[in-house]
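Heads up: the structure comes next, in structure tokens.
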Amino acid sequence: MQDKSIDVNYVADLARLELTPDECERFSEQLNKVIDFVKQLEKLETDSIEPMAHASPVFDIMRDDVNRPGFGSENALLNAPMANKNQFKVTRVVES
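Numbering-wise, this note's numbering puts 1497 at position 70 of the sequence shown, and it's gapless, one number per residue.
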């Protein structure tokens, strides 16, 4: 990583933010600390570490699907206020 300071005003313009001079100074210090931390991470030896997509193991917590018979149209329509030809009937909500 090159050793250069981040232009906080340029980043603020990209994000469409208006910063006061105090905010620019404070954010510049914070961003430089982040850059310093990233520089430390770049020094770490990671050749022997296997790449991974997640920091912790990922596993499926869902239960297996079980194939079983459904309600059937008659049972599904038992509590329907209106039904017609084995279908739910509702009042029109979209004008034609």
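Ideal Cβ placement from N, Cα and C applies to all residues, glycine included.
Label Met1428 either buried or exposed according to how many other C-beta atoms from any shown protein chain fall within 10 Å of its C-beta, with 16 as the threshold for buried.
-> Because Met1428 sits at a pLDDT of 44, beneath the cut-off of 50, its placement in the model cannot be relied upon, and the following sentence gives the value as read from the coordinates. An exposed status is given to Met1428, since fewer than 16 other beta-carbon atoms sit within 10 Å of its beta-carbon.
For Met1509, which residues of its own chain have a beta-carbon under 8 Å away from its beta-carbon, when the five flanking residues on both sides are left out?
-> Phe1515, Lys1516 and Val1517
Cα-Cα separation, Asp1434 to Lys1470 = When only Cα atoms are considered, Asp1434 and Lys1470 end up about 25 Å apart.
Taking Cβ to Cβ, would you say Leu1504 is nearer than 8 Å to Asn1513?
-> yes
Ala1439 (DSSP reduced to helix, strand or coil) = helix
Determine the DSSP secondary structure at Glu1452, reduced to helix, strand or coil.
-> helix
Tell whether a beta-carbon distance below 8 Å holds between Leu1441 and Phe1454.
-> At least 8 Å separates the beta-carbon of Leu1441 from that of Phe1454.
What is the DSSP secondary structure of Phe1464, reduced to helix, strand or coil?
-> helix
Ala1510, DSSP secondary structure in three states | strand
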